[in-house]
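Chemist: The structure under discussion is supplied below as structure tokens; questions concerning it will follow.
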Amino acid sequence: MTIEARYDYDASFETLYEMLTNEDFLRTKYEGIGSRNVAFQSCEQDGDVFRIEWTREIRASPPAFARKFLSEWNQTEEILEWTRESDGQAYGEYLCKVSGVPGKLEGEFELLADGKTCFEEIIMKASIGIPLVGGKIASLVEADAYTSLEAEFAFTRAHLAEG
73 MTIEARYDYD
83 ASFETLYEML
93 TNEDFLRTKY
103 EGIGSRNVAF
113 QSCEQDGDVF
123 RIEWTREIRA
133 SPPAFARKFL
143 SEWNQTEEIL
153 EWTRESDGQA
163 YGEYLCKVSG
173 VPGKLEGEFE
183 LLADGKTCFE
193 EIIMKASIGI
203 PLVGGKIASL
213 VEADAYTSLE
223 AEFAFTRAHL
233 AEG
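Converting from the sequence shown to my numbering requires adding 72 to each position, the first position being numbered 1.
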């Protein structure tokens, strides 16, 4: 399974981009959707790229066959690098590794202006290098990632409505 999602926001591109590159907002968002021990190693412009690097613990409910690799709380290491384009759009490359699991979740993010509003398109895919059960675990990771994306979208929209 590959995750493909589109999220429409009633906000300008600049407003949303500023939120998605703001450490305080990101920390509040991740804690607001249930992550714990959120820590940022980087959240700053680095040449042409805005690099965000963080760790957090995320909750999972793995079935019995996957509990050898995934537990109730899993430590992640995540990197998202945003590049602004001259056409007023931004592109992000995402990488997530779960501690103790031989694999990764990779993604591409596009933030696009649409008049006075904007939208975000996301494509993500997990690959897990465990014989026999790797594909099933990758599907679990993707399902959890999609649930997290939905929660992040709802949190961000609610935050925008408050502002």
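Beta carbons: idealized from backbone N, C-alpha and C, even for Gly.
Keeping to the same chain, check which residues put their C-beta closer than 8 Å to that of Gly-104; ignore five residues upstream and five downstream.
Modeler: Locating residue 104 in the sequence shown gives position 32, counting from the first residue. Result list for Gly-104: Phe-227, in chain order.
Chemist: Spatial neighbours of Glu-129 within its chain, please: C-beta separation below 6 Å, excluding the five flanking residues on both sides.
Modeler: Here residue 129 refers to the residue found at position 57 when the sequence shown is read from its first residue. Taking C-beta separations shorter than 6 Å and ignoring five residues to either side along the sequence, the partners of Glu-129 in its chain run Arg-108, Asn-109, Trp-145, Gln-147, following chain order.
Chemist: In three-state DSSP terms, what is Ser-114?
Modeler: Stepping through the sequence shown from its first residue, residue 114 is reached at position 42. In the structure shown, Ser-114 sits in a strand (DSSP, three-state: E or B).
Chemist: Looking at the unbroken alpha helix (DSSP H) that takes in Ala-233, where does it start and where does it end?
Modeler: Indexing the sequence shown from 1 puts residue 233 at position 161. Taken as a continuous stretch (DSSP letters only), the alpha helix (DSSP H) holding Ala-233 covers 206-234.
Chemist: With a threshold of 7 Å on Cβ separation, who are the neighbours of Glu-222 within its own chain once the five nearest residues in sequence on each side are excluded?
Modeler: The residue labelled residue 222 in the question sits at position 150 within the sequence shown. Cβ neighbours of Glu-222 beyond the five flanking positions: none.
Chemist: Going by the C-beta, is Leu-183 closer than 8 Å to any heavy atom of the ligand ATP?
Modeler: With respect to small molecules bound, the structure shown includes none, and the ligand ATP cannot be examined in it.
Chemist: On a Cα-Cα basis, can you pick out the residue from Glu-86, Met-73, Ala-136 that is closest to Ala-185?
Modeler: Position 113 of the sequence shown, counted from the first residue, corresponds to residue 185. If we check each option's Cα against that of Ala-185, Glu-86 comes out closest.
Chemist: Report yes if the C-beta distance between Arg-123 and Leu-142 is below 9 Å; otherwise report no.
Modeler: Within the sequence shown, residue 123 is the residue found at index 51, counting from 1. Within the sequence shown, residue 142 is the residue found at index 70, counting from 1. In this structure, Leu-142 does not lie closer than 9 Å to Arg-123 by Cβ.
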